[in-house]
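**Q** Numbering (our numbering), first residue to last: -19 to 1122. All C-beta atoms, glycine included, are put in the ideal place defined by N, C-alpha and C.
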Amino acid sequence: MRSQFKVLQNTQNLRTASSFKKAAFLPSMGLAVLVFSVWGAAQSISGDLIGTVTDPSGAAVNNAQVQAININSGQQNVTKTTSFGGYRFSQLPVGIYNIRVSAQQFATATLHNVPVQLNKTGTANVQLRLGNVSTTVEVSGAAPPVDTSTAQLQTTYDSIFSQDLGLTTVGGIGAGILDLSLLSPGVTQASAMGLGTGPSVGGLRPYDNNFTIEGVDNNDKGTTGALASVPNDAVEQFVLLSNQFSPEFGHSSGGQFNTTVKSGTNSFHGSVYEYLRNRNLNAVDNFYVLQGLTKNPRFDSNRFGGTFGGPIIKSKLFFFTDFERQPVGLTATSVAPVLAPTAAGLAAIAADPLLNQTNFTVFKKYVPIAQAQAPGPCTAGVNAITFTGFSTPAANICPAGSGLIPMGPVSISAPAFQNFQNFVQSVDYNISSRDQLRLRYIYNKLDQIDTAANLPAFYSIQPFRYHLLALSAYHNFTPSLINEFRAGYNRYFFVTPAGNTTFPGLNVFPNITLLDLGGGLNIGWDPNAPQGGTQDLYQLTDNIGWNKGAHDLKFGMEWREYIAPSNFTQRAFGDYRYNRTQLFLEDFSPDNFGERSSGSTIYYGNDSAVYWYANDIWRVRQNLSLNFGVRYEFTSIPEGEKRQALNSLSNTPSIIVSPVNQPLLFSSPKAPKNNWAPRVGFAYSPGSSGRTSVRGGFGMAYDILYDNIGQLAVPPQVGATFDTSLPVTPHFFANGALPGGGSGITTYDVTTAKSLTSNWIPPEQKWPYSIQWNLGVQHSFAKDYVGEIRYVGTHGVHLDVQDRINKLATVGPSNFLPTYLQAPSQATLDSLPITLAALESKAPYLDPKYANAGFTSTITADLPLGWSRYHGLQTSLSRRMSNGLTFQASYTFSRTIDNSTADFHSTDLTPRRPQDFNNWAAEKSVSALSRTHRVTLAAVYDLPFFRNSNWLMRNVVGHWEFAPVYTYESPEWVTVQSTDDANLNGDPAGDRAIFNPSGVPGTGSDVTALLNGAGDTVAYLANNPRASYIRAAPGALANSSRNRLATPHTNNWDLGVYKDVAIREKMKVRLGAQFANIFNHPQYLPNTWPGQGLGVNDVAGFVSVGSSYQSYLTPGDVNFNNPKSVFASNARSIAVVGKFIF
-19 MRSQFKVLQN TQNLRTASSF KKAAFLPSMG LAVLVFSVWG AAQSISGDLI GTVTDPSGAA
41 VNNAQVQAIN INSGQQNVTK TTSFGGYRFS QLPVGIYNIR VSAQQFATAT LHNVPVQLNK
101 TGTANVQLRL GNVSTTVEVS GAAPPVDTST AQLQTTYDSI FSQDLGLTTV GGIGAGILDL
161 SLLSPGVTQA SAMGLGTGPS VGGLRPYDNN FTIEGVDNND KGTTGALASV PNDAVEQFVL
221 LSNQFSPEFG HSSGGQFNTT VKSGTNSFHG SVYEYLRNRN LNAVDNFYVL QGLTKNPRFD
281 SNRFGGTFGG PIIKSKLFFF TDFERQPVGL TATSVAPVLA PTAAGLAAIA ADPLLNQTNF
341 TVFKKYVPIA QAQAPGPCTA GVNAITFTGF STPAANICPA GSGLIPMGPV SISAPAFQNF
401 QNFVQSVDYN ISSRDQLRLR YIYNKLDQID TAANLPAFYS IQPFRYHLLA LSAYHNFTPS
461 LINEFRAGYN RYFFVTPAGN TTFPGLNVFP NITLLDLGGG LNIGWDPNAP QGGTQDLYQL
521 TDNIGWNKGA HDLKFGMEWR EYIAPSNFTQ RAFGDYRYNR TQLFLEDFSP DNFGERSSGS
581 TIYYGNDSAV YWYANDIWRV RQNLSLNFGV RYEFTSIPEG EKRQALNSLS NTPSIIVSPV
641 NQPLLFSSPK APKNNWAPRV GFAYSPGSSG RTSVRGGFGM AYDILYDNIG QLAVPPQVGA
701 TFDTSLPVTP HFFANGALPG GGSGITTYDV TTAKSLTSNW IPPEQKWPYS IQWNLGVQHS
761 FAKDYVGEIR YVGTHGVHLD VQDRINKLAT VGPSNFLPTY LQAPSQATLD SLPITLAALE
821 SKAPYLDPKY ANAGFTSTIT ADLPLGWSRY HGLQTSLSRR MSNGLTFQAS YTFSRTIDNS
881 TADFHSTDLT PRRPQDFNNW AAEKSVSALS RTHRVTLAAV YDLPFFRNSN WLMRNVVGHW
941 EFAPVYTYES PEWVTVQSTD DANLNGDPAG DRAIFNPSGV PGTGSDVTAL LNGAGDTVAY
1001 LANNPRASYI RAAPGALANS SRNRLATPHT NNWDLGVYKD VAIREKMKVR LGAQFANIFN
1061 HPQYLPNTWP GQGLGVNDVA GFVSVGSSYQ SYLTPGDVNF NNPKSVFASN ARSIAVVGKF
1121 IF
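(1) Apart from the five residues just before and just after Gln107, which ones in its own chain have a Cβ nearer than 6 Å to its Cβ?
(2) Quick one: grab the DSSP three-state call for Gly690.
(3) Using 8 Å as the cut-off, can you tell me whether the stretch 527 to 539 makes contact with the stretch 700 to 716, which would need three or more C-beta pairs spanning the two stretches below that distance?
(4) Taking buried to mean at least 16 other C-beta atoms within 10 Å of its own C-beta, is Thr341 buried or exposed?
(5) Going by DSSP, name the residue or residues bridged to Val637.
(6) Which residues bound the beta strand (DSSP E) around Phe535?
(7) Residue range of the beta strand (DSSP E) that Gly285 falls in?
(8) Does DSSP put Leu163 in a helix, in a strand, or in coil?
(9) Using DSSP with H/G/I as helix, E/B as strand and the rest coil, what is Asp961?
(10) Can you list, in chain order, the residues of its chain with a C-beta nearer than 6 Å to that of Tyr255? Leave out the 5 residues immediately preceding and following it.
(11) What is the residue span of the alpha helix (DSSP H) that Gly699 lies within?
(12) Beta carbon of Ile635, beta carbon of Tyr825: below 8 Å?
(13) In this structure, how does DSSP classify Val791 when only helix, strand and coil are distinguished?
(14) What three-state label does DSSP hand Phe1122 in the structure shown?
(15) Look at the alpha carbon of Asn1110 and the alpha carbon of Ala1056, and state the distance between them as a whole number of angstroms.
(16) Measure the C-alpha to C-alpha separation of Pro124 and Gly767 and round it to an integer number of angstroms.
(17) So the candidates are Arg278, Ala509, Ala320 and Ser413; which of them puts its Cα closest to the Cα of Ala396?
(18) Whose C-beta lies closer than 7 Å to the C-beta of Val1177 among residues of the same chain, with five residues either side of it excluded?
(19) For Lys1046, I'd like the list of residues in its chain whose CB is within less than 7 Å of its CB, leaving aside the five on either flank, ordered along the chain.
(20) At the level of alpha carbons, what is the spacing between Phe796 and Gln802?
(21) Within a Cβ cutoff of 8 Å, which residues of the same chain sit near Asn863, ignoring the five residues on either side of it in sequence?
(22) Check the DSSP bridge columns for Leu1035 and list the partner residues they point to.
(23) Between Asp596, Ala589 and Ile597, which lies nearest to Ser616 when the distance is taken from Cα to Cα?
(24) Give me the Cα-Cα distance between Asn276 and Ser1105, rounded to the nearest whole angstrom.
(25) When the Cα atoms are used, what is the spatial distance from Phe1149 to Ala44?
(26) Note down the Cα distance separating Ala994 from Ser821, rounded to an integer number of angstroms.
(27) DSSP beta-bridge partners for Glu949?
(28) Checking 8 Å against the spacing of the C-beta atoms, do Ser164 and Leu220 come in under that value?
(29) Taking the Cβ atom as the reference point for each residue, do Ser142 and Val252 lie within a distance shorter than 8 Å?
(30) Which whole-angstrom value describes the C-beta separation of Gln519 and Gly468, a residue pair presumed to lie in contact below a C-beta threshold of 8 Å?
(31) Rounded to the nearest angstrom, what separates Thr322 and Asp1097 at their Cα positions?
(32) Enumerate, from N- to C-terminal direction, the unbroken beta strand (DSSP E) stretches of 3 or more residues contained entirely within the stretch 351 to 379.
(33) Once DSSP output is grouped into helix, strand and coil, what is the label at Asn212?
(34) Go through its chain and collect everything with a Cβ distance to Gly388's Cβ below 6 Å, but skip five positions before and after it.
(35) Flag this pair as yes or no: are the beta carbons of Phe267 and Ala331 separated by less than 8 Å?
(36) Taking 8 Å as the threshold (C-beta atoms), are Phe86 and Gly111 in contact?
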């Protein structure tokens, strides 16, 4: 069974040309690529600016000289208008520019403060007046940028948002600047999925997102997500491209998360800053109240640093530096309220005649003793656990012979720390008007205590290191032919160790989970330990931009080389889960789940990628552009996956794996070589103002398969996976539990190899991809505002899913135990023909064609069977900074349907495998990523009052700034589960519940087994017949669908408040406070950490796995559909901010 994953436990992107010319230019793209391009990564780190120059009558002015002058660095770029009056600046550094236009018989016109945004083509049209060239006319300010040439969907965030919104300032404990993506239209919060980083963009999985810094790949190829981070005070611009984007962007089909770093200017500038977060500033989260705490555990985060930048040679050579540290002291606590036996309860347990003293000693050593029994009558699951088979003595308020052992709440906590460092260096060199160089280096260092284990005795120290280097060179061959070359390097290193503590009689200490101890308790190391790895990326880039008449052509190629060794054996120490603690203490095998993998080898994720693209923006008229583009991607198979060929003696071509229609062959997989992604679009701007753009597009985009898939799919010659089975057996740990260990390559005969085979990778690989389409209108109005409304659709294809290809469900529509709402008569029970014992004798049922061929172990495979469909109405309204106010608001109305969302055990909220391995159609449902409504508003308002008053009024009464962020989001849908192997296919992960349409919505019930006269279980009775969800016990037939239960919605206000005091003209002190959930409105959500200030607006992956989440999803459990008892309440947290800016 493959449910764990390699994870980073960091708890804490004109006139009409003839059809002949169009046909001639499109084929020329490929030739131009061969002539001009070298291998490289195609994603640019700049912006483009286009426009049309006209005379007072609206006629085009050709051969006019157009200058773009960067107001900070003084860099000048010059071009001339075409015969159609159009001009284009390609690959300009992001920033603010003045546009100066001169032509014979016309006065020179200057357009001030024109923004150039990252990865965006802005429009700045200029109308000239008659006069002498020596006469200069100041043109009214440029309208906010509207894209009048492409269908690309993009949201840009500048340094105002990155510095002043509290959601970006948590530093190394959160996603930082990437959290701004949640303010964009078309996204939904998806961090509770655990794997990947970022929101769901257009209904796609979070690990479909792509992250770059200065154009360099910043993705973790092991489990996806972002690697290095940039401090918010060092960010120039952050851009999210969503779904429909230019063919120069690829690697992933979801969001493109692109970040650029600040550069120096012609004046020296800098800052010294501190962001202080402290437990004493925060409200107490309900999560802690349930543990009996009256104040917050320790959480002290002090992020401090400074920036400095300026000219080395004015207008030529610039630098910018940022360095910060962030020590975090905290108290690690259990992820859910835990109940444990009282001292009297332990004494009662000691009376069990079958008690295993070894296991009991381990239990007493590591499980805390409750000081008192939880209040209320002695009730199983509330303040007691059940023991059977002997007469339990009286203990606390539990009477003798009740079979109940008293329990009370225990607080599990221990000191922990995180030490994070971040260093950023940028250098910009304007060699000449034709040549520029840009250098960027980013270094992150993190050392922390790994608190993923439940108990402090099993904590360990984790080191993480990150390096990113980017060197870019720009050369203008002519004003219409520009080349960008980039070399990039990214290195990442981590270790998750496990200590030397062992279980008596074993050489390791396994993970032992006792599910009936309140929300559940795990005894053992981090479930993902031990592991470690390194990832090195080497990247080269070249982009060519060529403006030829009515065509703006762009092409480029990309080469990436990865060297990525890692070591990880899933469940290397064993993973054993008990529904009943008594079974563990009596040394029986697990009654819920048991699995262990053997083997220990280095997995090499080494592979190469080659991409190329070509794009033509054909300006059919001054106000109509057509886009024609294509992208090709090839990614080789990681070296580690090729070890599948070690098991080639198990090849059985007579077996066709029906879901993918491929023979059962064990060989080195073949990478697809036909991944072509066409993209077409149009942009129509009525009239000549460039203030309105009607845009639409259609395209494809491919994804990659991350290394964790191949890393865990090991052939038996490298390792094997072993599972426990039902019914339970005695002397489990005394007999060594499940086998493990082993290293290197083992040679087997064909019979043994087949019997040990537990994984399969389809030889003919298919990369996931999505089809995307959009149609919308963008309009600039009232000088400072841009509004947009659009329809966006996506269709995910060949998404990765996890399946067991040789297992059949024993239970089916004609072979199950009935579940009654009202108790049947004994005669009815005696007449039932099927017993649980008879069903279990066949389970888990192997597909005969596999069993007859010798495959007797469970075979897990990751298959391209997943799909998703998204339809969304996306709207946005933004105001650029003017008169001290800027804001961005968005509303999305959408729905996503899929047949799978998670493919690894990164969440318990939606199962990673289907309920029935042979019925994927039954998995179709509303997606866990679907949110019907999402509303966001973010603003920064520098109050205009007293700006022109005397010093005292300006600096005492004036200079206040407010930065609110509002978020409303509809609930996340989760799956009600039996947390038991109801259909007896050997896997409890996907088994759902029984839905009672006449029940009270949102209520759940456990069941009681009903026996026939011979004492056999033949049916079940719902304990609460009025419940809408009833647990499907072993042998019962579940009928509910995926994702029927809604978690609470999000309704949250954050606020930043700042006070500036001017010291001198260019020096000021800023003091402020940032409030997350300022109104302390309880929001019980499955993706928030208590007391750390991350709130609801963090997109870092949150591993929502554990017995507490399972209890929330299990009908009849005391925590079922009770978010207050399981999730953090997102209590208000406060950060104090201090800055000296010069």
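**A** On the basis of the supplied data:
(1) Thr34
(2) helix
(3) no
(4) Only exposed fits Thr341, as fewer than 16 other CB atoms lie within 10 angstroms of its CB.
(5) Gln642
(6) Taken as a continuous stretch (DSSP letters only), the beta strand (DSSP E) holding Phe535 covers His531 to Ile543.
(7) Boundaries of the beta strand (DSSP E) around Gly285: Phe279 to Ile293.
(8) Here DSSP, grouped into helix, strand and coil, assigns Leu163 to helix.
(9) coil
(10) The answer, listed in chain order, is Thr149, Arg283, Ala1115 and Val1117.
(11) First-last for Gly699: undefined, no H or E at that position.
(12) no
(13) coil
(14) Coil at Phe1122, not helix or strand.
(15) Between Asn1110 and Ala1056, the alpha-carbon positions lie close to 9 Å from each other.
(16) Distance between the alpha carbons of Pro124 and Gly767 is about 10 Å.
(17) Arg278
(18) Look at the range of the chain in this structure, -19 to 1122, and you will see that residue 1177 is not part of it.
(19) If we look at Lys1046 and ignore the five residues flanking it on each side, its Cβ neighbours are Phe1122.
(20) 18 Å
(21) Pro924
(22) Pro944 and Phe1055
(23) Ala589
(24) 17 Å
(25) Given a span of -19 to 1122 for the chain in the structure shown, any question on residue 1149 remains unanswerable.
(26) Looking at the two C-alpha atoms, the distance is approximately 17 Å.
(27) Arg914 and Thr1030
(28) Contact flag set, yes.
(29) For Ser142 and Val252, no; Cβs fall outside 8 Å.
(30) 4 Å
(31) 21 Å
(32) 364 to 366
(33) helix
(34) Here the set comprises Thr322, Ala350, Ala352, Gln353 and Ala354.
(35) no
(36) yes
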